[in-house]
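Following: one structure in structure tokens, then a few remarks.
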Amino acid sequence: MSVVPNTLLGELFPANVKSKAAAVATIFFAIASFSVNKVYPSVPNYTMFAFFALTNLIAAIFTWLYVIETKGKSFSEIQQLLHKQK
């Protein structure tokens, strides 16, 4: 999952904040990965499967509702779309 947000960083953020956004995303996913690795051994398999299924469902709904299509658009067009959503 961390590949998708890192790909979006290059598309959505201007150059002056891109490095800070990448740092925040990397820290967040490192903490999430650490947490999953610590919790996984003590939880039954079906519970982990249900948790990840629910997480993916929520992520799919969020993506469908809030992530804009950037294919074939220039950076300025993407920025205009983002400012319209506010």
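For what it's worth, the numbering used here labels the leading residue of the sequence shown as 40, then goes sequentially. Idealized CB from N, CA, C, for every residue including glycine. Just so you know, these numbers come straight off a predicted model, no measurement behind them.
Query: Alpha carbon to alpha carbon, what distance is there between I70 and M87?; Result: 18 Å
Query: What first and last residue would you give for the alpha helix (DSSP H) that runs through I66?; Result: A54 to V78
Query: Please determine if the segment 78-94 and the segment 53-68 are in contact, where contact requires at least 3 C-beta pairs separated by less than 8 Å.; Result: no
Query: Taking its Cβ as the centre, do 16 or more other Cβ atoms sit within 10 Å of L93, making it buried, or is it exposed?; Result: exposed
Query: Just to confirm, are T109 and I97 a CB contact at a threshold of 8 Å?; Result: no
Query: Output the distance between the C-alpha atoms of L121 and S72, rounded to the nearest integer angstrom.; Result: 29 Å
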